[in-house]
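Student: Provided herewith is a single structure, encoded as structure tokens, for subsequent inquiry.
2 protein chains.
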Amino acid sequence: MMRAQGPPQPPPEKVVWKPGTMLFPVPVVMISCAAENVRPNIVTVAWTGVVCSDPPMLSISVRPERHSYGIITKSREFVVNIPSMKQIRATDYCGVASGRDVDKFAETGLTPGPASTVAAPLILECPIHLECKVRQVLPLGSHTMFVSEITAVQVSKQLITESGRLAVEQANLAAFAHGGYYPLGKKHGFFGFSVQKRRRAIRPSK
Amino acid sequence: MMRAQGPPQPPPEKVVWKPGTMLFPVPVVMISCAAENVRPNIVTVAWTGVVCSDPPMLSISVRPERHSYGIITKSREFVVNIPSMKQIRATDYCGVASGRDVDKFAETGLTPGPASTVAAPLILECPIHLECKVRQVLPLGSHTMFVSEITAVQVSKQLITESGRLAVEQANLAAFAHGGYYPLGKKHGFFGFSVQKRRRAIRPSK
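Keeping their order, the protein sequence lines are chains A and B.
Take the first sequence: its letter number 70 is residue 70 in my numbering, and every next letter is one higher.
One rule links them: number in my numbering = place in the second sequence (from 1) + 1000.
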């Protein structure tokens, strides 16, 4: 009803801006890929996210002009390497340089290692790796989205506690927001913490 | 060649795990939505990411069992509200409770406000809002992905500097990793920092 009289005024404490990709923070990861007769390459991607829990799937979005776009289109598989802050300079470099011009493994000193379900190499220095196979390709405009299934995970042994838990809070992971790289701060709480006491009071067996 | 002899052994410093959604960190946002004859609702989502720069697009993935799934399927629009750590308890609550049972605005004390391009309300307490319209719906398994165009952005005035810059580093934003909520630490560098000196040396006009 209100809308027939024109768009509503923004709330007084807000400013309306034109549309932009202002989702913060997002992951920042190094994608390693390989295809026949092409040097394995690395491309840094922040346009990625989980898209399904079962089967486990994520998407990455890549510009068709990028060298890795051709490789992934051909091989239909890649590895998502999650960097720690130690690799953030290399991560930044792999988002700026092109694999057409340079061997990014050689330039950064990063080490390729074997993945378990895909032919693309993983980047050994990174603490966590998600091996992926492309299931759907959606051209959206500037970027094409590769909707992909996670086929295996590899984790650095030093991040696994004696009880077998992944100590992700010790991985010194990086987030990306508005062009800046940020380390994660101190963990604040776990999913469900807001109702934990109430739950315990009502259902002590849970 | 190697692969015909069976899968490669993992590198000695790694453990291979079965596939899982171990992309870290990811955003954690409150999605507000509304449809005719339904109470406006909030659902917390970590399965979201940017998928295209031009046009600006993001995806959210929601389980069909969620109350908000029906609302978004009907209205085909929603607002992504990016919380600061101040709203992290409410954010957690909106991921656990169901809008079928409770009025989440009332329960959390969060305040609805007008969006500029969609009928769904935004959540005034959050510092950044992305108004979205659904363009493609992809059922993937446990979750359905809503590939959506960002049609407007709203930002709290107090985050905008005198020069008009968004001071995202002052927003106290939250990231989500392996079930835990994390504030962002101190900014480490900007996209391109790894080549900044070299660039200046070669192309001083840039």
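We put the beta carbon where it would ideally sit given N, CA and C, even for glycine.
(1) Give the secondary structure of residue 95 of chain A by DSSP, where H, G and I count as helix, E and B as strand, and everything else as coil.
(2) Under 8 Å: do the stretch 1017-1026 of chain B and the stretch 1073-1082 of chain B share three or more Cβ pairs, one atom per stretch?
(3) Compute the Euclidean distance between the alpha carbons of residue 1158 of chain B and residue 1134 of chain B, then round it to the nearest angstrom.
(4) Can you tell me where the beta strand (DSSP E) with residue 1035 of chain B in it begins and where it stops?
(5) Counting pairs of Cβ atoms below 8 Å between the stretch 1138-1150 of chain B and the stretch 1098-1110 of chain B, do you hit three or more?
(6) Grab the span of the alpha helix (DSSP H) containing residue 73 of chain A for me, first residue to last.
(7) Please list the terminal residues of the continuous alpha helix (DSSP H) segment that includes residue 1104 of chain B.
(8) On the CB-based measure, 16 or more other CB atoms within 10 Å of its CB, does residue 165 of chain A come out buried or exposed?
(9) Determine the extent of the beta strand (DSSP E) in which residue 1049 of chain B is found, giving its start and end residues.
(10) Is it buried or exposed for residue 1041 of chain B, if we count other Cβ within 10 angstroms and need 16 for buried?
(11) With distances taken from CA atoms, which of A:94, A:116, A:122 and A:155 is nearest residue 1193 of chain B?
(12) Could you name the residues that DSSP lists as bridge partners for residue 41 of chain A?
(13) Comparing C-alpha positions only, which one of B:1014, B:1052 and B:1032 sits nearest to residue 1149 of chain B?
(14) Pick from A:22, A:175 and A:30: whose alpha carbon is nearest that of residue 91 of chain A?
(15) For residue 14 of chain A, list the residues DSSP reports as bridge partners.
(16) Any beta carbon of chain B sitting closer than 8 Å to that of residue 191 of chain A?
(17) Just by C-beta distance, which residues in the stretch 9-41 of chain A are closer than 8 Å to chain B?
(18) Taking C-alpha atoms, which residue in A:183, A:187 and A:188 lies nearest to residue 1186 of chain B?
(19) What residue from B:1034, B:1054 and B:1089 has the CA that sits closest to residue 1068 of chain B's CA?
(20) Does the CB of residue 1103 of chain B have a neighbour CB from chain A at under 8 Å?
(21) Enumerate, from N- to C-terminal direction, the unbroken alpha helix (DSSP H) stretches of 4 or more residues contained entirely within the stretch 135-191 of chain A.
(22) Identify, in the order they occur along the chain, each residue of the same chain with its Cβ nearer than 6 Å to the Cβ of residue 74 of chain A, setting aside the five sequence neighbours on each side.
(23) Name the chain B residues that come within less than 8 Å of residue 75 of chain A, Cβ to Cβ?
(24) Could you confirm whether any beta carbon from chain A is found closer than 8 Å to the beta carbon of residue 1188 of chain B?
(25) When we look at the beta-carbon of residue 1170 of chain B and count the other beta-carbons within 10 Å, is it buried (16 or more) or exposed?
(26) Which residue wins for smallest C-alpha separation from residue 1061 of chain B, given the options A:153, A:56, A:62 and A:196?
(27) With H, G and I counted as helix, E and B as strand and the rest as coil, what does DSSP make of residue 1057 of chain B?
(28) Alpha carbon to alpha carbon, how far is residue 156 of chain A from residue 11 of chain A?
Tutor: Once the coordinates are examined:
(1) Stepping through the first sequence from its first residue, residue 95 of chain A is reached at position 95. Helix at residue 95 of chain A.
(2) no
(3) In the second sequence, residue 1158 of chain B corresponds to position 158, counting from 1. In the second sequence, residue 1134 of chain B corresponds to position 134, counting from 1. The alpha-carbon atoms of residue 1158 of chain B and residue 1134 of chain B are separated by roughly 30 Å.
(4) Here residue 1035 of chain B refers to the residue found at position 35 of the second sequence. Here the beta strand (DSSP E) through residue 1035 of chain B covers 1029-1035.
(5) no
(6) Locating residue 73 of chain A in the first sequence gives position 73, counting from the first residue. Where residue 73 of chain A is concerned, the enclosing alpha helix (DSSP H) stretches over 67-75.
(7) Residue mapping note: residue 1104 of chain B aligns to position 104 of the second sequence, counting from 1. From DSSP, the alpha helix (DSSP H) with residue 1104 of chain B extends over 1104-1108.
(8) To locate residue 165 of chain A, count along the first sequence from 1; it is residue 165. Looking at its Cβ environment, which holds fewer than 16 other Cβ atoms inside 10 Å, residue 165 of chain A is exposed.
(9) Taking the second sequence and counting its residues from 1, one reaches residue 1049 of chain B at position 49. It spans 1048-1052 - the beta strand (DSSP E) in which residue 1049 of chain B sits, taken as one unbroken run.
(10) Translated into positions along the second sequence, residue 1041 of chain B becomes position 41. Label assigned to residue 1041 of chain B: buried.
(11) The residue given as residue 1193 of chain B occupies position 193 in the second sequence. With distances taken between Cα atoms, residue 1193 of chain B lies closest to A:94.
(12) Counted from its first residue, the first sequence places residue 41 of chain A at position 41. Looking at the DSSP assignment, residue 41 of chain A forms a beta bridge with A:33.
(13) Sequence index remark: in the second sequence, residue 1149 of chain B carries index 149 (1-based). If you compare the alpha carbons of B:1014, B:1052 and B:1032 with that of residue 1149 of chain B, the shortest gap goes to B:1052.
(14) As a working note, residue 91 of chain A is residue 91 in the first sequence. If we check each option's Cα against that of residue 91 of chain A, A:30 comes out closest.
(15) In the first sequence, counting from the first residue as 1, residue 14 of chain A sits at position 14. Note: residue 14 of chain A sits in a beta bridge opposite B:1156.
(16) For the purposes of this step, residue 191 of chain A is taken as the residue at position 191 of the first sequence. With 8 Å as the cut-off, residue 191 of chain A counts as an interface residue toward chain B.
(17) 9, 10, 11, 13, 14, 15, 16, 17, 18, 19, 20, 21, 22, 23, 24, 25, 26, 27 and 29
(18) Position 186 of the second sequence, counted from the start, is the residue given in the question as residue 1186 of chain B. The option with the nearest alpha carbon to residue 1186 of chain B is A:183.
(19) Start at 1 with the first residue of the second sequence, and residue 1068 of chain B comes out as number 68. Per the Cα distances, B:1034.
(20) Reading the second sequence from its first residue, position 103 is the one you call residue 1103 of chain B. Not closer than 8 Å to any Cβ of chain A, the Cβ of residue 1103 of chain B fails to qualify, so no.
(21) none
(22) Stepping through the first sequence from its first residue, residue 74 of chain A is reached at position 74. Cβ within range, chain order: 35.
(23) Here the question's residue 75 of chain A lines up with position 75 in the first sequence. The contacting residues do not exist; residue 75 of chain A stays about 13 Å from chain B at best.
(24) Walking along the second sequence from the start, residue 1188 of chain B turns up at place 188. With 8 Å as the cut-off, residue 1188 of chain B counts as an interface residue toward chain A.
(25) Locating residue 1170 of chain B in the second sequence gives position 170, where the first residue counts as 1. Classification for residue 1170 of chain B: exposed.
(26) For the purposes of this step, residue 1061 of chain B is taken as residue 61 along the second sequence, with counting starting at 1. Selected option, being the one with the closest Cα: A:56.
(27) Here residue 1057 of chain B corresponds to residue number 57 of the second sequence, with the count starting at 1. Looking at residue 1057 of chain B - three-state DSSP - the assignment turns out to be strand.
(28) For this step, residue 156 of chain A is matched to residue 156 along the first sequence. For this step, residue 11 of chain A is matched to residue 11 along the first sequence. Computed Cα separation, rounded: 48 Å.
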